[in-house]
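Below: the structure, in structure tokens.
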Amino acid sequence: MARKILDGMLVGVGIAIVVGVAFAIAWAGDVFTVDKDGTVKFAVSDAGKIMVGATESYVNLVIQNNAAAANNTVDIAADVLTVEGIRLENVNVSADITASGAGGLDTGGEDPNAWYYVWVIANNSGASTNGLLSTSSTSPILPSGFTRKRRVGAVRNNAAGDFLQFSQEGNKCNYLNGFGGNRTVTAGTSTSFTVANATAPSSNFIPPTSRRGVFTLQMSINHTDTTTIFTARIRKADSSGTNGQFVNAIQPHAIGLTARNFVSGDVETDASQQVEYQLSVAPGNSGGVNIDVLGYYDRI
1 MARKILDGML VGVGIAIVVG VAFAIAWAGD VFTVDKDGTV KFAVSDAGKI
51 MVGATESYVN LVIQNNAAAA NNTVDIAADV LTVEGIRLEN VNVSADITAS
101 GAGGLDTGGE DPNAWYYVWV IANNSGASTN GLLSTSSTSP ILPSGFTRKR
151 RVGAVRNNAA GDFLQFSQEG NKCNYLNGFG GNRTVTAGTS TSFTVANATA
201 PSSNFIPPTS RRGVFTLQMS INHTDTTTIF TARIRKADSS GTNGQFVNAI
251 QPHAIGLTAR NFVSGDVETD ASQQVEYQLS VAPGNSGGVN IDVLGYYDRI
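Using this note's numbering, the first residue of the sequence shown is number 1, and each one after it goes up by one.
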């Protein structure tokens, strides 16, 4: 009604309706937002539930390994999280891959070397909430009594069947295993752009729901002279442009001694979560390029 009035001739009446709704909500002590055209997008009741067409959002979303069971359980917390139209406050739930159903794995058994997607689930009113793990990034199997879902992240189960250690704030995930922990290239010497997966594919550390990783590009060079300047580049795989590319450079100061430095930054990946690198000159003695994945940005 309000949108139709605003699009037609009775603009003044439409604005009056929107303002009237806003005052009614504000008078009740509730929260509301409006589109730029004046249409109310959602209103939140005192009970904390979104009453009109919800916009997915979160406030202070944090996902991390459980302190007591870091290898198999993730904790999800948020001050505010909307889940398919329900506004939840003070969210604090967990999901254990060794358990089944609500608070665990949606179906099947645990697999190594696999991505599991982290969900917050709720019943129709939002009074009951829990965490859930699923191999599906779009359609988890909801346990009985739960009708609403929202994917909030992902976690990698490694070859040993243990979760990688991480901390995610909002949509950015940071790994906690330090430098060299998630290596994709070790002592790489390719002088033409080459996919950075000689040690391990970066898709082991960046989920399919992401297209941007945080990488460290380290150079460790032992060369036969001190005049050569080495440069290393990293960029999106199969890309001829420079979007998302960054460069590292080093010049050895003594023959026979290894010079080292590193830089880190965000790089766009391809659909397989891959990047590629190039070293300007192969080292005369030893060394090369080391590439690690420090984290990623998830499309939640």
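Backbone N, C-alpha and C fix where the C-beta goes; we use that ideal spot for every residue, glycine too.
The beta carbons of L294 and F262 sit about 11 Å from each other, so the pair does not count as a contact at 8 Å. Between the alpha carbons of F193 and G103 lies a gap of roughly 44 Å. In the displayed model, S57 falls within coil according to three-state DSSP, outside both helix and strand. By the criterion of a C-beta distance shorter than 6 Å, G284 is surrounded in its chain by H223, T224, once the five residues flanking it on both sides are discounted. In the three-state scheme derived from DSSP, where H, G and I count as helix and E and B as strand, N157 is classed as strand.
Under the DSSP assignment, Q278 falls in the beta strand (DSSP E) whose first and last residues are 275 to 279. Just so you know, the alpha carbons of V83 and K149 end up roughly 6 Å apart. Restricting attention to G188, D162, L132, F205, the CA atom closest to the CA of R151 is found in L132. Restricting attention to alpha helix (DSSP H) runs no shorter than 4 residues, the stretch 170 to 201 encloses none. When the five nearest sequence neighbours on each side are left out, the beta carbons in the same chain lying within less than 8 Å of the beta carbon of R299 are those of N171, T209, S210, R211, in order along the chain.
At a Cβ-Cβ threshold of 9 Å, V118 and M219 do not count as neighbours. In terms of Cβ geometry, I121 and T129 form a close pair [threshold 9 Å]. The DSSP-derived three-state label of S136 is coil.
Secondary structure note for R211: its beta strand (DSSP E) is the uninterrupted segment 210 to 222.
Taking C-beta atoms as the reference points, P207 and G161 fail to come closer than 9 Å. When secondary structure is reduced to three states using DSSP, N130 falls in the strand class. Within the same chain, and ignoring the five residues on either side of I229 in sequence, the residues whose Cβ sits closer than 7 Å to its Cβ are A249, Q251. The DSSP-derived three-state label of N204 is helix.
Per DSSP, D266 is one residue of the beta strand (DSSP E) stretching across 259 to 268. A distance below 9 Å separates the beta carbons of N66 and D75. Annotation: T227 is outside any beta strand (DSSP E) and is labelled neither H nor E by DSSP.
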